[in-house]
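Trainee: Pasting a structure here, questions to come.
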Amino acid sequence: MTSSSNRRLIIWRHGQTTYNAEGRWQGQLDVPLSELGQEQARAGARALLAYDIDAIWSSDLSRASATAEALAELVDLPIAYDKRFREIDAGSWSGLTAADVKEKYADLQVRVEAGEDLPRGGDGETLTQVMQRAQEAALELLPTLPEGGTAVIATHGMCGRALTAALVGLTQKQAWLAFRGLSNCHWGSVIEGAHGWRIETWNAGAR
Numbered sequence: 047m048t049s050s051s052n053r054r055l056i057i058w059r060h061g062q063t064t065y066n067a068e069g070r071w072q073g074q075l076d077v078p079l080s081e082l083g084q085e086q087a088r089a090g091a092r093a094l095l096a097y098d099i100d101a102i103w104s105s106d107l108s109r110a111s112a113t114a115e116a117l118a119e120l121v122d123l124p125i126a127y128d129k130r131f132r133e134i135d136a137g138s139w140s141g142l143t144a145a146d147v148k149e150k151y152a153d154l155q156v157r158v159e160a161g162e163d164l165p166r167g168g169d170g171e172t173l174t175q176v177m178q179r180a181q182e183a184a185l186e187l188l189p190t191l192p193e194g195g196t197a198v199i200a201t202h203g204m205c206g207r208a209l210t211a212a213l214v215g216l217t218q219k220q221a222w223l224a225f226r227g228l229s230n231c232h233w234g235s236v237i238e239g240a241h242g243w244r245i246e247t248w249n250a251g252a253r
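Just so we're aligned, residue 47 is where the sequence shown starts under this note's numbering, counting upward by one.
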């Protein structure tokens, strides 16, 4: 349990898309939820009813917004959409499979996998850039959350991990090497304390 003054952020990755199933980089392509993803969103929303939710914030990309809407329908709350919670811009990797990237961008892929924070695709964003915009959005919205309140942020895998790292004081390289990504429709939660934010859960989901 948290004290009455501690706020909680639940950072929720969207449900599955066909690109997820095919192992394709989505980046900021607006790929909708698959039928399975819609089911995952409904199941995740029901599981999140275990929390007293005060606010829902969301990426404006449809896979995240549809995930947020599944929760909003249950808790009767409006959704604040913010494009700063979008997924990383994958640049030239957008739409490519992992095998495509390995074939066409082998050197860059190896360096990224080793933790170098380079622009995805060579012309997309770095994790640091994603972190900066997502953290900016979260810090702007936090004053609207009451003491002891809980907000759910419907976002994306890389954006969610980058934001979590920033809140708890990890570098992007540390988070990249230490954290597995959030699975589709799974979430991590962070709690605000006297000395900053700490991770409460990671990669939790519907049972």
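C-beta: ideal position from N, C-alpha, C; glycine also.
Would the stretch 170 to 182 and the stretch 202 to 222 be scored as touching if the rule is three or more Cβ pairs under 8 angstroms?
Mentor: Judged by Cβ distances under 8 angstroms, the stretch 170 to 182 makes contact with the stretch 202 to 222, as three or more pairs qualify.
Trainee: Would A114 and Q84 qualify as a contact pair, given that the criterion is a beta-carbon distance under 9 angstroms?
Mentor: Cβ distance not < 9 angstroms, so A114 and Q84 don't count as in contact.
Trainee: Please go through the same chain and pick out, in chain order, the residues whose beta-carbon is closer than 6 angstroms to the beta-carbon of A89, but skip the five residues on each side of it.
Mentor: A252.
Trainee: Could you please give the first and the last residue of the uninterrupted alpha helix (DSSP H) stretch that includes A180?
Mentor: It spans 173 to 187 - the alpha helix (DSSP H) in which A180 sits, taken as one unbroken run.
Trainee: Just to confirm the assignment, what range does the beta strand (DSSP E) spanning R54 have?
Mentor: Its beta strand (DSSP E) spans residues 54 to 59.
Trainee: Who does V147 pair with in a DSSP beta bridge?
Mentor: The partner list for V147 (beta bridge, DSSP) is empty, contrary to what the question assumes.
Trainee: Beta-carbon within less than 6 angstroms of W222's beta-carbon, same chain only, minus the 5 sequence neighbours each way: which residues are those?
Mentor: Correct list, in chain order: G161.
Trainee: Quick one: any contact between the stretch 156 to 173 and the stretch 53 to 65, if contact means 3 or more CB pairs under 8 angstroms?
Mentor: Result no; under three Cβ-Cβ pairs closer than 8 angstroms.
Trainee: Please return the same chain residues whose Cβ sits closer than 8 angstroms to the Cβ of G137, not counting the five positions on each side in sequence.
Mentor: Counting only Cβ-Cβ distances below 8 angstroms, and skipping sequence neighbours, we find G73, P165, R166, G167, G168, D169, G170, E171.
Trainee: What whole-angstrom Cβ distance do L55 and I199 have, given they're in contact under 8 angstroms?
Mentor: Yes, L55 and I199 are in contact; Cβ-Cβ is about 6 angstroms, under 8 angstroms.
Trainee: Do T201 and S105 have their CB atoms nearer than 9 angstroms?
Mentor: The answer is yes: Cβ separation under 9 angstroms.
Trainee: What residues match up with Y127 in a beta bridge as DSSP calls it?
Mentor: DSSP output for Y127 lists S104 as bridge partner(s).
Trainee: Judging by CA-CA distance, which residue of T190, N52, W58 is the nearest neighbour of H232?
Mentor: For H232, the nearest C-alpha among the options comes from W58.
Trainee: Helix, strand or coil: which one does DSSP assign to S235?
Mentor: If DSSP states are grouped into helix, strand and coil, S235 belongs with the strands.
Trainee: Can you grab the Cα-Cα spacing for the pair E193 / Y97, in whole Å?
Mentor: Using only the alpha carbons, I get a separation of about 15 angstroms.
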